[in-house]
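Peer 1: Right, I'll just put the structure down here and ask away after.
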Amino acid sequence: MKWQVTTSKVTAKESPTTEQFDAVMVCNGGRYSVPFTPVIPGTDQFQGRTMHSHDFRVPEPYTGKNVVIMGASTSGIDLCVELSRVAERVVISHSNPPIMKINKLPPNVTQAPRVESIVGPNTVRFQDGQEFLADNIVYCTGYSLSFPFLTPECGITINDGRAYPLYKHITNTTYPTMSFAGLTHHALTFALFQLQIKFALGVLDGSISLPSKAAMDHEIDEDFRSRLEAGLAPRKAHAIFPLYMSYVTDLAMVTRQPFPQGQTEMFMDAFARRFSDPQHFRNAEYKITGPETWERVPHQSKEQQLSTAK
């Protein structure tokens, strides 16, 4: 089959152009342009300020405020720490699995389960029944998958953050000449994308043989089930952490590429420290000590680095 790709220049008023291709690789990620905001009963009653982290720029408007942050992934933890420096109180609401438990938060930050509803003009009620008077709500709830250029004929459905059916999060099992790179997240980005592209190219040139469609779809379903069993929400269908190591090991083996053991271990360590020590994890510095070995070294200020250099 051939793929029909229609394009147009956004800066010029020209007629769209349609071309035919033997294969298509979707590499835009699809997840950082359409903010996802959950439907919370009573939101229309809230008289404070609401914002998605996508639109956050500076912390000063939150000075002296009581803030609820919904979500505790990368943006949620970063904003939690940043806003704690100016806000009166911060409550970070989440349902992270145990492996992503948050520790060592600032003293004016508390954790709460998911938001159940908004009660009246300023009261946020959580699933355990506790309530909090909030001036602001910040949605750190990620993004909706968006591939507006894919027509239904492509055979890909998007539902609750999950693109289906994608074998190993890469290959369209209905039409294997379509592949995706960069759909996964919570990963060592460029090293992983390289493996995904190697896999897609191997499928196209025949060096990688795909199982039957039924077998691939079964593996997709099992992968999704394993994520749910690990405590991830259905919307995290393409989140690689905490299953990153097994996924990368598999791709490296199938593509016959060197397994980036040292890089992978450093990433796992740094990512875990975002949750175990959110105030200081960025200060960690890593030193490569061999082809696949590394160590985390104490952070040095610029003054200390200059002194050591002398």
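So in this note's numbering, spot 215 of the sequence shown is number 239, and the numbers just go up one at a time.
Glycine is no exception: its CB is placed at the ideal position from the N, C-alpha and C atoms.
T197: which of D184, L234, C164 sits nearest, CA to CA?
Peer 2: Counting from one through the sequence shown, the residue named residue 197 turns up at place 173. The shortest Cα separation from T197 among D184, L234, C164 belongs to L234.
Peer 1: Can you list the beta strand (DSSP E) stretches of 3 or more residues lying completely in the stretch 195-280, in chain order?
Peer 2: List check, beta strand (DSSP E) in window: 202-204.
Peer 1: Tell me whether the stretch 86-95 and the stretch 161-171 touch, counting them as touching only if at least three CB pairs, one residue from each stretch, are closer than 8 Å.
Peer 2: The stretch 86-95, when compared against the stretch 161-171, does touch it at the 8 Å Cβ threshold.
Peer 1: Within the continuous alpha helix (DSSP H) that includes I101, where are the two ends?
Peer 2: Locating residue 101 in the sequence shown gives position 77, counting from the first residue. Segment 98-108, the alpha helix (DSSP H) holding I101.
Peer 1: How many Å lie between P62 and K128 at the Cα?
Peer 2: Position 38 of the sequence shown holds residue 62. Position 104 of the sequence shown holds residue 128. Those two C-alpha atoms are separated by around 27 Å.
Peer 1: Below 8 Å on the Cβ atoms is my guess for M269 versus M292; work out the distance and round it to an integer in Å.
Peer 2: Locating residue 269 in the sequence shown gives position 245, where the first residue counts as 1. Locating residue 292 in the sequence shown gives position 268, where the first residue counts as 1. Correct: roughly 7 Å between the Cβ atoms.
Peer 1: Take T74 as the anchor and find which of N146, S108, D274 has the nearest alpha-carbon.
Peer 2: Along the sequence shown, one-based indexing puts residue 74 at 50. Answer by Cα proximity: N146.
Peer 1: Thinking C-alpha only, which one of R113, L256, G54 is nearest N132?
Peer 2: Working through the sequence shown from its first residue, we reach residue 132 at position 108. Ranking the options by Cα distance to N132, first place goes to R113.
Peer 1: Check each candidate in A136, F283, G144, E253 and name the one with the smallest Cα separation from G95.
Peer 2: Here the question's residue 95 lines up with position 71 in the sequence shown. Residue A136 is the option with its Cα nearest to G95.
Peer 1: Identify every run of the beta strand (DSSP E) within the stretch 283-308, keeping only runs that are complete inside it and at least 3 residues long; order them along the chain.
Peer 2: None, since the stretch 283-308 contains no complete beta strand (DSSP E) of that length.
Peer 1: Do the stretch 44-62 and the stretch 147-155 make contact, defined as three or more Cβ pairs closer than 8 Å?
Peer 2: No, the stretch 44-62 does not touch the stretch 147-155.
Peer 1: Closer than 6 Å by C-beta to A111: which residues in its own chain qualify, once you throw out the five before and the five after it? Chain order, please.
Peer 2: In the sequence shown, residue 111 corresponds to position 87, counting from 1. Taken in chain order, the residues that qualify are Y86, K89, V91.
Peer 1: Could you give the DSSP three-state label for Q154: helix, strand or coil?
Peer 2: As a working mapping, residue 154 is identified with position 130 in the sequence shown. It is coil, neither helix nor strand.
Peer 1: Buried or exposed: Q44, going by 16 or more other Cβ atoms within 10 Å of its Cβ?
Peer 2: Start at 1 with the first residue of the sequence shown, and residue 44 comes out as number 20. Q44 should be labelled exposed.
Peer 1: Please report how far the alpha carbon of I221 lies from the alpha carbon of A187, in whole angstroms.
Peer 2: Within the sequence shown, the letter at position 197 stands for residue 221. Within the sequence shown, the letter at position 163 stands for residue 187. Cα-Cα distance, rounded: 18 Å.
Peer 1: Counting only C-beta atoms, is G226 closer than 9 Å to chain D at any point?
Peer 2: Among the chains in the structure shown there is no chain D, since it carries only a single protein chain.
Peer 1: If you draw a straight line from the C-alpha of A257 to the C-alpha of R251, how long is it?
Peer 2: Taking the first residue of the sequence shown as position 1, residue 257 is located at position 233. Taking the first residue of the sequence shown as position 1, residue 251 is located at position 227. Roughly 8 Å separates the two Cα atoms.
Peer 1: Could you name the residues of the same chain whose beta carbon sits closer than 6 Å to that of M124, not counting the 5 residues immediately before and after it, in chain order?
Peer 2: Position 100 of the sequence shown holds residue 124. Within the same chain, M124 has close Cβ partners F299.
Peer 1: By Cβ distance below 6 Å, which residues in the same chain neighbour M240 in space, the five residues on each side in sequence not counted?
Peer 2: Reading the sequence shown from its first residue, position 216 is the one you call residue 240. Hits under 6 Å: Y191, T197.
Peer 1: Helix, strand or coil for P59, going by three-state DSSP, please let me know.
Peer 2: Translated into the one-based positions of the sequence shown, residue 59 becomes position 35. P59 falls in the strand class under three-state DSSP.
Peer 1: Looking at V115: is its Cβ nearer than 9 Å to the Cβ of T134?
Peer 2: The count along the sequence shown starts at 1 and reaches residue 115 at position 91. The count along the sequence shown starts at 1 and reaches residue 134 at position 110. Yes.
Peer 1: Reducing DSSP to helix, strand and coil, say where M49 ends up.
Peer 2: The residue given as residue 49 occupies position 25 in the sequence shown. Residue state, collapsed to three classes: strand.
Peer 1: Does the beta-carbon of G206 have 16 or more other beta-carbons within 10 angstroms, so that it is buried, or is it exposed?
Peer 2: Counting from 1 along the sequence shown, the entry for residue 206 is found at position 182. Classification for G206: buried.
Peer 1: In the structure shown, what three-state DSSP assignment does E84 receive?
Peer 2: As a working note, residue 84 is residue 60 in the sequence shown. The answer is helix: DSSP assigns E84 an H, G or I state.
Peer 1: Let's see if you can read the secondary structure: which residues bound the beta strand (DSSP E) around I180?
Peer 2: Residue 180 sits at position 156 when you count from the first residue of the sequence shown. First-last for I180: undefined, no H or E at that position.
Peer 1: If contacts are defined as beta-carbon pairs under 8 Å, then G179 and Y199 qualify, I think. What distance do you get, rounded to the angstrom?
Peer 2: Position 155 of the sequence shown, counted from the first residue, corresponds to residue 179. Position 175 of the sequence shown, counted from the first residue, corresponds to residue 199. Contact flag correct, Cβ pair sits at about 5 Å.
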